[in-house]
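Asks: Quick note: the sequence shown uses UniProt numbering, first residue 1, plus one each step.
Glycine included, every Cβ here is placed at the ideal spot set by N, Cα and C.
Have a look at this one.
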Amino acid sequence: MNAGMAGARRAMLVCRIGAELLDAPGTDASHIRATGWNAIRDLVNETPGLLAVRLALTADGFGLGPWLGPFTDRPSAIVFPDGTNQLDANVPLVHDILDQAVGTSCIWHMITYPQVAPEVTMALGHPEQLDMEVLLTARSILNQVMLAYRTSLVHDEASQNAATDDLTRLASQQAFTEVLDEHLEQPGAGEATLLLIDLDDFTALNEACGHETGDDVLRRVADILREIVRGSDVVARLGSDDFAVLLLGIDQAAAERIADRIVFAVSTLTVGDTAEISTGASIGVVSLGADADLHSLMLRAEVALKVAKRRGRGQVQTWRADMTPVTPPEP
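Here's what the structure looks like:
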């Protein structure tokens, strides 16, 4: 293949991966990595003598693989004698081990992206001096991959932020609603019970003690909920001083006992070393029946919660079919 045709094919390869990354699910990190590796494979196949190996940082050193090109021996890892895991392009040990794997001495180029993926290094080797156009093509491919990968990381972070309440690190209202809706739509999902929790006199506490203390109370309530429920249950802050818990595989009687434990724990809550905060929690309890959709379930929980608050501080009320919406007393 003459140089002109080889250059044209490399240019087409760079354009192709750009199109594939644009057309494919751009936030799927595994797909992005696979697309990039397939493009490097095509470059190796188009370039006689070119070798490529991905070095990934592990607890034992840099693991080697996957590999592209005619390697005769494939060691599983590079372990540095001094105990460091830092890969340096000039470390002879790295080149020696790669040469041993190929069976001949090569000139190696280490391509790294420390700001995006510091744990991964791409090593490109050739028995002779590598054509600079080939090296530039590899960098162009990997630049596009890393740009797409960085975008996926930003997207994942944004999704995580949307799913998590900033103050308490509980699930957000949006995330909780999605989980609850999915459970309701899942056939044979099994028993589950919803607890809707509202702190008693929280507005007055905020005004008397300040928002910093109020935020401390909300964080401590979040800790209480995490401690009382199981890891498989879903705990969320819906907003202000409103919380919710989805108890999976829990019947109504067991849910009421859990609600009582939450009420007691919140009533004894302290913030700081000695200051006892005067607050409490009221809870509405509703079982997820076969007849309930998301809207009706939340409405039932709100009705039960309002009845609980009318009865006074620290009350638990389970929804009944004869309940009608009521207006809670003024705080």
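Can you tell which of Ala222, Asp223, Ser105 has the C-alpha that lies nearest to the C-alpha of Ile49?
Replies: Inspection of the sequence shows that residue 49 is occupied by Gly rather than by Ile. With distances taken between Cα atoms, Gly49 lies closest to Ser105.
Asks: If the criterion is Cβ atoms closer than 8 Å, does the pair Ala308 and Trp319 meet it?
Replies: It is not a contact, given that the beta carbons lie outside the stated cut-off.
Asks: Cβ-heavy atom distance between Leu194 and the ligand ATP below 7 Å?
Replies: Absent from the structure shown: the ligand ATP. Ligands present: none.
Asks: Distance, Cα to Cα, Ser152 vs Gln144?
Replies: Going from the Cα of Ser152 to the Cα of Gln144 covers about 12 Å.
Asks: The beta strand (DSSP E) with Val247 in it runs from where to where?
Replies: The question names Val, but residue 247 in the sequence shown is Leu. Its beta strand (DSSP E) spans residues 242 to 248.
Asks: With DSSP as the reference, label Leu238 as helix, strand or coil.
Replies: In the structure shown, Leu238 sits in a strand (DSSP, three-state: E or B).
Asks: DSSP state of Leu170, grouped into three classes?
Replies: The answer is coil: DSSP assigns Leu170 none of H, G, I, E or B.
Asks: Use the C-beta contact count for Ala254: other C-beta atoms within 10 angstroms, 16 or more gives buried, fewer gives exposed.
Replies: Flag for Ala254 reads exposed.
Asks: With a threshold of 16 other CB atoms inside 10 Å of the CB of His211, please say whether the residue is buried or exposed.
Replies: His211 comes out exposed.
Asks: Between which residues of its own chain and Leu21 is the CB-CB distance below 7 Å, once the five residues before and five after are set aside?
Replies: Result list for Leu21: Ile32, Thr35, Gln144, Ala148, in chain order.
Asks: In the structure shown, what three-state DSSP assignment does Ala308 receive?
Replies: Here Ala308 sits in helix by DSSP.
Asks: Here's the rule I'm using: 16 or more other beta-carbon atoms within 10 Å means buried, otherwise exposed. How should Ile107 be labelled?
Replies: When all chains shown are included, Ile107 counts as exposed.
Asks: DSSP three-state label for Gly49, please.
Replies: Three-state result, Gly49: coil.
Asks: When we look at the beta-carbon of Gly249 and count the other beta-carbons within 10 Å, is it buried (16 or more) or exposed?
Replies: Exposed, because fewer than 16 other Cβ atoms sit within 10 Å of the Cβ of Gly249.
Asks: Helix or strand or just coil, what does DSSP make of Ser232?
Replies: Of the three classes helix, strand and coil, the one that applies to Ser232 here is coil, per DSSP.
Asks: Under the three-state reduction of DSSP, which class applies to Met323: helix, strand or coil?
Replies: Three-state DSSP puts Met323 in coil, outside helix and strand.
Asks: Could you work out which residue in Phe264, His109, Pro114, Arg10 is closest to Glu128 when comparing CA atoms only?
Replies: Per the Cα distances, His109.
Asks: Note down the Cα distance separating Ile262 from Ile283, rounded to an integer number of angstroms.
Replies: Between Ile262 and Ile283, the C-alpha separation is close to 9 Å.
Asks: Which of the three DSSP states is assigned to Ser282 in this structure?
Replies: Here Ser282 sits in strand by DSSP.
Asks: Report yes or no: do three or more beta-carbon pairs, one from the segment 132 to 146 and one from the segment 160 to 174, lie closer than 8 Å?
Replies: The segment 132 to 146 is not in contact with the segment 160 to 174.
Asks: Quick check on Gly214: buried or exposed, where buried means 16 or more other Cβ atoms within 10 Å of its Cβ?
Replies: So Gly214 counts as buried.
Asks: Which residue from Asn38, Thr58, Arg16 puts its Cα closest to that of Trp67?
Replies: Minimum Cα distance to Trp67 is reached at Asn38.
Asks: Taking 7 Å as the limit between beta carbons, can you name the residues of its chain near Asp99, skipping five residues before and five after?
Replies: Same-chain partners within the cutoff: Ser105, Cys106.
Asks: Please determine, among Leu51, Gly63, Ala56, the residue with the shortest C-alpha to C-alpha distance to Phe71.
Replies: Answer by Cα proximity: Leu51.
Asks: Whole angstroms is fine: what's the gap from Leu195's alpha carbon to Ala29's?
Replies: Each residue's Cα considered, the two are about 36 Å apart.
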